[in-house]
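**Q** Residues 255 to 430 (our numbering) make up the sequence shown, in order.
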Amino acid sequence: MVIQEKKPEITWILGLLSYFETQSPYDLPDVRRMGFDVGRQVVGLYLAEMLLKYSLDRYGTPHRAHHNLLDLYLKLPRDLRPIAEQKYNELLNAELEWTWEVYESVESFLSYLGRNAIKDTRYFWESGIHHCAPGYSILIAPQELRLLIYCLLIALHGFPEKPLERRFKTTFRPLE
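Here it is, written out as structure tokens:
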């Protein structure tokens with residue numbers, strides 16, 4: 255007997271989103287906070303990967319079994335990427351007064367994350383993981399990742415949103 259696998263509807267991702275949104279029980283001085291944020295970022299990166307792959311599937315765009323988020327993003331139909339970039343910019347300006355320049359756009363964010371951001375996050379202390387300069391590994395920044403996830407949910411999957419208020423003109427600082 256052959257069992258045919260069927261990909262579930264995208265709504266299962268909302269459970270993963272709830273898990274990602276869980277707030278840390280630890281305050282910043284507590285070293286366990288780092289472990290919580292690493293776990294949250296791994297879940298968020300997986301969520302971003304699934305959102306991109308579901309969108310590619312919907313448009314019939316083939317994609318290999320890999321974890322390169324930038325490659326997946328660049329495979330999206332050309333008319334979708336400006337919509338995602340605009341939504342990301344709106345989210346930044348609604349929530350952040352400033353952030354690192356690597357988060358300036360969806361494309362720059364995904365480029366910064368590299369070929370396998372989930373692995374690089376899981377093993378952030380290992381040598382050879384250099385995302386900004388030698389000796390510095392990937393940023394553990396689930397809050398910035400949260401904006402990317404909501405951008406993908408809204409722009410690619412029609413996730414409902416509240417009207418956004420532009421509170422800032424987000425500025426970007428060099429990461430080095």
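Glycine included, each C-beta is placed from N, C-alpha and C at the ideal position.
1) Beta carbon of residue 326, beta carbon of residue 301: below 9 angstroms?
2) In the DSSP assignment, what residue or residues form a beta bridge with residue 426?
3) Do residue 356 and residue 402 come within 9 angstroms of each other at the CB atom, strictly closer than that value?
4) Please name the residue in 394, 332 and 412 whose C-alpha comes closest to that of residue 376.
5) Would residue 399 and residue 299 be called neighbours here (beta carbons separated by less than 9 angstroms)?
6) Could you check where the alpha helix (DSSP H) with residue 396 kicks off and where it finishes?
7) Excluding the 5 residues preceding and the 5 following residue 279 in the sequence, name in chain order all residues of the same chain whose CB lies nearer than 8 angstroms to its CB.
8) Determine the DSSP secondary structure at residue 266, reduced to helix, strand or coil.
9) Count the other CB atoms within 10 Å of the CB of residue 295; is the residue buried (16 or more) or exposed (fewer)?
10) How many angstroms separate the CA atom of residue 260 from the CA atom of residue 366?
11) Where residue 348 and residue 318 are concerned, what is the direct C-alpha to C-alpha distance, given to the nearest angstrom?
12) With H, G and I counted as helix, E and B as strand and the rest as coil, what does DSSP make of residue 293?
13) By Cβ distance, which residues of its chain are closer than 6 angstroms to residue 344, with the 5 residues on each side in sequence left out?
14) Under 9 angstroms, do residue 274 and residue 292 count as touching if we go by C-beta distance?
15) Excluding sequence positions up to five away, which residues of its chain have a Cβ less than 8 angstroms from the Cβ of residue 288?
**A** Result, derived from the coordinates:
1) no
2) The bridge partners DSSP lists for residue 426 are 353.
3) no
4) 394
5) Yes.
6) Residue 396 -> alpha helix (DSSP H) spans 396-411.
7) These residues qualify, in order along the chain: 290.
8) helix
9) buried
10) 33 angstroms
11) 35 angstroms
12) The answer is helix: DSSP assigns residue 293 an H, G or I state.
13) 418.
14) no
15) 394
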